[in-house]
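Inspection log for the structure reproduced underneath, given as C-alpha coordinates.
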Amino acid sequence: MQAWAKDQGIEGSMLQFVADPGSELTSALGMELTHPGPVGKLGPKRSKRFGMFIDDGVIKTIEVSENANGAEDPAGDDFPESSCVDNMLKGIP
(Lines of atoms letter the chains of each structure in order from A and count residues from 1; the text may use other names and numbers.)
(Lines give C-alpha, C1' and ligand atoms only; values in the text may rest on other atoms or scores of the structure.)
Protein backbone atom coordinates (compact mmCIF):
# COMPACT_ATOMS: atom_id res chain seq x y z
CA MET A 1 0.00 0.00 0.00
CA GLN A 2 2.90 2.36 0.70
CA ALA A 3 4.30 1.89 -2.80
CA TRP A 4 0.87 2.63 -4.30
CA ALA A 5 0.53 5.76 -2.14
CA LYS A 6 3.97 6.91 -3.26
CA ASP A 7 3.13 6.23 -6.91
CA GLN A 8 -0.10 8.20 -6.58
CA GLY A 9 1.67 11.13 -4.92
CA ILE A 10 -0.17 10.93 -1.59
CA GLU A 11 2.61 9.52 0.57
CA GLY A 12 2.84 11.59 3.74
CA SER A 13 -0.49 13.32 3.13
CA MET A 14 -3.73 13.05 5.09
CA LEU A 15 -4.91 10.31 2.69
CA GLN A 16 -4.39 6.68 3.58
CA PHE A 17 -4.81 3.55 1.50
CA VAL A 18 -5.96 0.54 3.52
CA ALA A 19 -5.53 -3.11 2.52
CA ASP A 20 -8.37 -5.55 3.18
CA PRO A 21 -7.13 -8.89 1.80
CA GLY A 22 -9.80 -10.97 3.58
CA SER A 23 -12.63 -8.52 2.78
CA GLU A 24 -13.60 -8.24 6.45
CA LEU A 25 -13.91 -4.45 6.41
CA THR A 26 -15.44 -4.45 2.93
CA SER A 27 -18.17 -6.84 4.05
CA ALA A 28 -18.79 -5.04 7.34
CA LEU A 29 -19.28 -1.76 5.45
CA GLY A 30 -21.63 -3.38 2.91
CA MET A 31 -19.18 -2.49 0.13
CA GLU A 32 -18.71 -5.92 -1.44
CA LEU A 33 -19.13 -5.87 -5.20
CA THR A 34 -21.76 -8.52 -5.98
CA HIS A 35 -22.88 -7.61 -9.51
CA PRO A 36 -22.43 -10.72 -11.72
CA GLY A 37 -20.65 -8.78 -14.49
CA PRO A 38 -17.56 -7.64 -12.60
CA VAL A 39 -17.62 -10.65 -10.25
CA GLY A 40 -17.63 -12.95 -13.31
CA LYS A 41 -14.42 -11.30 -14.54
CA LEU A 42 -12.67 -10.46 -11.26
CA GLY A 43 -13.97 -13.14 -8.92
CA PRO A 44 -15.76 -12.77 -5.58
CA LYS A 45 -14.76 -10.75 -2.54
CA ARG A 46 -14.01 -7.55 -4.44
CA SER A 47 -14.67 -4.09 -3.11
CA LYS A 48 -16.85 -1.48 -4.71
CA ARG A 49 -15.01 1.70 -5.66
CA PHE A 50 -15.53 3.97 -2.66
CA GLY A 51 -13.88 6.55 -0.48
CA MET A 52 -14.43 7.48 3.14
CA PHE A 53 -13.50 10.40 5.33
CA ILE A 54 -12.95 9.12 8.87
CA ASP A 55 -12.22 11.47 11.75
CA ASP A 56 -11.19 10.01 15.10
CA GLY A 57 -12.72 6.64 14.20
CA VAL A 58 -16.05 8.11 13.04
CA ILE A 59 -17.11 7.88 9.39
CA LYS A 60 -18.02 11.45 8.45
CA THR A 61 -18.78 10.77 4.79
CA ILE A 62 -18.70 7.81 2.44
CA GLU A 63 -19.07 8.00 -1.34
CA VAL A 64 -19.53 5.04 -3.67
CA SER A 65 -18.80 5.16 -7.40
CA GLU A 66 -21.41 2.89 -8.91
CA ASN A 67 -24.29 3.52 -11.27
CA ALA A 68 -23.58 7.26 -11.19
CA ASN A 69 -25.80 9.52 -13.27
CA GLY A 70 -28.18 6.60 -13.86
CA ALA A 71 -25.58 4.59 -15.79
CA GLU A 72 -25.29 0.82 -15.50
CA ASP A 73 -21.82 0.95 -13.98
CA PRO A 74 -21.58 -1.53 -11.07
CA ALA A 75 -17.78 -1.26 -10.81
CA GLY A 76 -17.73 2.54 -10.86
CA ASP A 77 -15.30 2.66 -13.76
CA ASP A 78 -17.24 5.20 -15.83
CA PHE A 79 -17.66 7.82 -13.09
CA PRO A 80 -14.89 7.26 -10.51
CA GLU A 81 -14.83 10.95 -9.63
CA SER A 82 -17.78 10.54 -7.26
CA SER A 83 -15.46 8.82 -4.77
CA CYS A 84 -12.43 11.04 -5.44
CA VAL A 85 -11.13 13.74 -3.13
CA ASP A 86 -12.87 16.75 -4.69
CA ASN A 87 -16.28 15.16 -4.29
CA MET A 88 -15.47 13.76 -0.85
CA LEU A 89 -14.60 17.24 0.44
CA LYS A 90 -18.11 18.43 -0.45
CA GLY A 91 -19.62 15.88 1.96
CA ILE A 92 -17.52 16.70 5.00
CA PRO A 93 -19.66 18.47 7.61
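Mapping to numbering that gives the first Met the number 0: the sequence shown position 38 is 37, numbers consecutive.
Glycine residues also receive a C-beta, built at the ideal position from the N, C-alpha and C atoms.
Between the CA atoms of residue j and residue i - distance to the nearest angstrom
i	j	result
D54	D85	17 Å
T25	P37	16 Å
Close Cβ partners of residue i (< 7 Å) along its chain, the five nearest in sequence each way excluded
i	result
T33	none
P79	R48, S64
Distance CB(residue i)-CB(residue j) smaller than 7 Å
i	j	result
K47	V63	yes
Nearest residue (CA-CA) to residue i, options the options
i	options	result
I91	E65, F52, V38	F52
E44	I61, A27, S22	Contrary to the premise, residue 44 reads as Lys rather than Glu in this sequence. Out of I61, A27, S22, S22 has the C-alpha closest to the C-alpha of K44.
P73	D6, K40, K5	K40
Reduced DSSP category for residue i - H, G, I as helix; E, B as strand; rest coil
i	result
G50	strand
V17	coil
Residues near residue i in its chain [Cβ-Cβ closer than 6 Å; skip 5 each side]
i	result
G42	none
Check: residue i C-beta below 6 Å from any heavy atom of the ligand NAP
i	result
K47	The ligand content of the structure shown is nil, which means the ligand NAP is not present either.
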